[in-house]
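Each residue of the sequence shown is one higher than the one before, starting from 132 at the first, in this note's numbering. We put the CB at the ideal spot given by N, CA and C, even for glycine. Worksheet: one structure, shown below.
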Amino acid sequence: MGKFFKKYPNSDLAEKANEECNTYRRIYILGSYNSPTREGGWENSELFYIPENNLKEFNRFIEKYPDSPTVELIKYYLENYKNKDVETLLNEKIDKEFYLGGIENREKGNLFSKESNDLLEEFKKNKEEVIKELKTSNKEEANEIYEKYSVDNDKILEKINEIDVEMLDNTFYKDGNIEKDKLNKQNKFLDSYGLEVIQIEDGFILTEKINFIIIFLKTLLLMIIKNF
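Next comes the structure, spelled out in structure tokens:
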């Protein structure tokens, strides 16, 4: 199915096929209502366990298809099955990361969710439109345009940081150290948006790159000089 998505990314069937794949993943990992893949623990989550036959099947799949994206979900389930809300957590992970094109995005180093990626496109579109408007505006108009742009895009960045707070807090760390290759790969993807992920005291945050802000300010200054 992965080959189909790569060969026909714009096919009308692609979205439907991806939904079917995700439905299969949910059923395979969580089981059905009458046959869940974990037992016990409904009164005390610490007592949850995965029956031997289910565990054996998961291990078989992992060994036979090590490069399958589903393996990541299986491992996530095995790490969190004692959590009473693991079904909700797994579904959220699928919705955020296994959207159409999501696997390919992560291969490129883009670890943001579908909702955040949609907002990134909105951010980029806003930037392009504002630059065009500034070039044909007078001083007063340029000030208004830039102020509105700043407010709108700050809201977009704030929303992305809120949506993917867990990813930003945890993904770029391993054993307490920053995974620089992973961070650099993510920031390379963000270059075209004029954005970057930077470290803060308690994790990471998405922010606008300083050089892109300077470009905007220079453009605004030119408008002021032109109309002086």
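- Spatial neighbours of Tyr207 in its own chain (CB-CB distance under 7 Å, excluding positions within 5 residues in sequence) are listed in chain order as Leu221 and Lys224.
- The residue among Leu161, Asn211, Thr154 and Phe189 with its C-alpha nearest the C-alpha of Leu178 is Asn211.
- DSSP, reduced to helix, strand and coil, places Asn214 outside both helices and strands of the structure shown, so it counts as coil.
- The shortest C-alpha to C-alpha distance from Gly325 to any of Leu161, Leu288, Tyr159 and Arg191 is the one to Leu288.
- In this structure, the CA atom of Glu260 is about 14 Å from the CA atom of Glu278.
- Between the alpha carbons of Asn292 and Leu299 lies a gap of roughly 8 Å.
- Distance between Tyr280 and Asn257, taken at the CA atoms: about 7 Å.
- Bounds of any beta strand (DSSP E) do not take in Phe192; it lies within the alpha helix (DSSP H) bounded by Glu183 to Lys195.
- For Glu170, DSSP records a beta bridge to Tyr180.
- Shown here, Lys305 sits in a strand according to DSSP, grouped into three states.
- Phe320 and Asp143 have their C-alpha atoms some 27 Å from each other.
- When DSSP states are grouped into helix, strand and coil, Phe243 belongs to the coil group.
- Restricting attention to Glu235, Lys311, Val202 and Arg169, the CA atom closest to the CA of Tyr180 is found in Arg169.
- For Gly233, no beta strand (DSSP E) segment is defined; the enclosing uninterrupted segment is the alpha helix (DSSP H) at Gly233 to Glu238.
- In the DSSP assignment, Glu151 falls within the alpha helix (DSSP H) that extends over Asp143 to Leu161.
- Scanning the stretch 282 to 330 from its first residue to its last, the whole alpha helix (DSSP H) runs of 4-plus residues come out as 296 to 301 and 311 to 321.
- Residue pairing for Glu339: DSSP places it in a beta bridge opposite Leu326.
- Comparing C-alpha distances from Phe254 to each of Glu238, Val282, Leu265 and Lys266 shows the shortest one belongs to Val282.
- Inter-segment contact for the stretch 151 to 164 and the stretch 223 to 239 is present: three or more beta-carbon pairs are separated by less than 8 Å.
- A residue is called buried when at least 16 other Cβ atoms come within 10 angstroms of its Cβ; Asp295 meets this threshold and is buried.
- Between Ile329 and Phe335, the C-beta gap is smaller than 8 Å, which places the two residues in contact.
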